[in-house]
Amino acid sequence: MSVILAAAAVVIYLVSGAFYFLFVFRQRRWQNRAGNLVLWLAFGVHTAALIGWWVTQRTVPGLDFNSSLSVLAWALAGLYLLLNLRLRVMVLGALVAPLAAVMIVASQLLPPAPTKIAPGLKLAWLLGHVLTAMLGYAAFFLNFLVGILYLVQEWHIKTKRLGPIFRRLPPLEGLDHLGHTCLIIGFPLLSVAMITGAVYANYAAVGLWRWDPMVAATIVTWLLYGALLHGRLVAGWSGRRAALLAVAAFAILLVSYLALVFLTPGYHAAAPGGAGG
């Protein structure tokens, strides 16, 4: 059942992305409303698929690499939908919806990896660890996408190529504000994920600060985004500098994480939901 629901979620995400793309190129408000409504439907079906996976596998999704991709897609879509309620960066849906579909497909094609849960560990700790980690990574993912859109929009302005794409993209100030908001959301979530991960590690009898490669990568990620957030809040970083740093930070995060997943096994079973524990 969870596989069928996941396949349905992929189709609905793609339909949502198609409506958003139509809106980008034709600017009909009904197309944006349709894309948004269909994305909410996809998110609901995706939630049901993850619950079904949880029931059938009898473990929290997100503990291995393949299921973590699906949880990350869910977090990315859900966080975008919540942010879009107030900030209304509608063009971003044309990126989020198809990316979510691609990540679900990848999660279904990859073989599952065995995972172990420490005996006696409360489910709330593990669930809180996975959710905060995935939502934190989703916020950084959105921060990266917004940085890309900012640089594209700025390029159009500087080169005076104010064509259709320029008119479809939000103002630079709006994109900069959204990027800042994503950082403010993502950094505390990653901090909470590190704390709950440390508790999990202690329960699992692997030591509170065992020098696992994924722990090291998470600490580096936390310091990197902490420096970026500090620069925005204290040093006044904004605009192009903030966008470039957002893209660079996520590139470092992605490369280091994929290298760890495929080259260095650890007690996290190579899942971003295990980062920080």
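Numbered per the working numbering, the sequence shown spans residues 316 to 592. The C-beta atom is built at its ideal place from N, Cα and C for all residues, glycine as well. As the structure is a prediction and not an experimental result, all values here were calculated from the model.
What does a CB cutoff of less than 8 Å around residue i pick up in its chain, not counting 5 residues either side in sequence?
i: Ser-553; result: Asp-491, His-495, Arg-547
i: Leu-466; result: Arg-555, Ala-558, Leu-559, Val-562
i: Thr-262; result: The question about residue 262 has no answer here: the residues shown for the chain are numbered 316 through 592.
i: Leu-329; result: Ala-412, Pro-413, Ala-416
i: Arg-483; result: Val-339, Phe-340, Gln-342, Val-406
Roughly how many whole angstroms lie between the Cα atoms of residue i and residue j?
i: Trp-389; j: Ala-550; result: 34 Å
i: Val-420; j: Ala-364; result: 13 Å
i: Leu-396; j: Gly-359; result: 12 Å
i: Ile-292; j: Ala-416; result: Here the chain has residues from 316 to 592 only, and residue 292 is not among them.
i: Leu-493; j: Ala-508; result: 22 Å
i: Val-411; j: Met-418; result: 11 Å
i: Leu-442; j: Ala-513; result: 14 Å
i: Lys-475; j: Leu-407; result: 23 Å
i: Trp-368; j: His-471; result: 45 Å
i: Ala-425; j: Arg-373; result: The identity of residue 425 in the sequence shown is Leu, whereas the question assumes Ala. Going by the C-alpha atoms only, they are around 19 Å apart.
i: Val-461; j: Gly-489; result: 10 Å
i: Ala-531; j: Asn-381; result: 21 Å
i: Phe-455; j: Trp-537; result: 11 Å
i: Leu-464; j: Ala-333; result: 19 Å
i: Ile-500; j: Asp-379; result: 24 Å
i: Arg-344; j: Phe-336; result: 12 Å
i: Arg-403; j: Lys-473; result: 25 Å
i: Ser-331; j: Leu-568; result: 28 Å
i: Phe-459; j: Thr-362; result: 24 Å
i: Leu-398; j: Ser-317; result: 27 Å
Spatial neighbours of residue i within its chain, please: CB distance less than 7 Å, with the 5 preceding and 5 following residues excluded, ordered by chain position.
i: Ala-453; result: Leu-387, Ala-390, Leu-391, Leu-394
i: Phe-338; result: Gln-346, Asn-347, Gly-350, Met-405
i: Ile-327; result: Val-353, Leu-356, Ala-357, Val-360
i: Ala-564; result: Leu-539, Tyr-540, Leu-543
i: Gly-642; result: In the structure as shown, the chain starts at 316 and stops at 592, and residue 642 therefore has no counterpart that could be examined.
i: Val-375; result: Trp-369, Leu-441, Leu-442, Val-445
Here's the rule: buried if 16 or more other CB atoms are within 10 angstroms of the residue's CB, otherwise exposed. What is residue i?
i: Gly-340; result: It should be noted that the sequence gives Phe, not Gly, for residue 340. By the neighbour-count rule (16 or more Cβ atoms within 10 Å), Phe-340 is not buried but exposed.
i: Pro-485; result: buried
i: Ile-366; result: exposed
i: Val-535; result: exposed
i: Arg-370; result: Residue identity differs from the one stated: residue 370 is Val in this sequence, not Arg. Under this definition Val-370 is an exposed residue.
i: Ala-566; result: exposed
i: Val-570; result: exposed
i: Leu-457; result: buried
i: Leu-400; result: exposed
i: Pro-434; result: With a pLDDT of only 49 at Pro-434, under the threshold of 50, the placement of this residue in the model should not be trusted; the figure read from the coordinates follows. Label assigned to Pro-434: exposed.
Could you tell me whether the Cβ atoms of residue i and residue j are closer together than 7 Å?
i: Leu-544; j: Phe-502; result: yes
i: Ala-357; j: Ala-324; result: yes
i: Leu-487; j: Gln-468; result: yes
i: Ala-321; j: Gln-423; result: yes
Excluding the 5 residues preceding and the 5 following residue i in the sequence, name in chain order all residues of the same chain whose CB lies nearer than 6 Å to its CB.
i: Tyr-572; result: none
If you measure from the beta carbon of residue i to each beta carbon in chain C, is any gap under 7 Å?
i: Lys-475; result: Included in the structure is just one protein chain, with no chain C present.
Which full runs of the alpha helix (DSSP H) of 4+ residues lie inside the stretch 344–386, going along the chain?
-> 344–372
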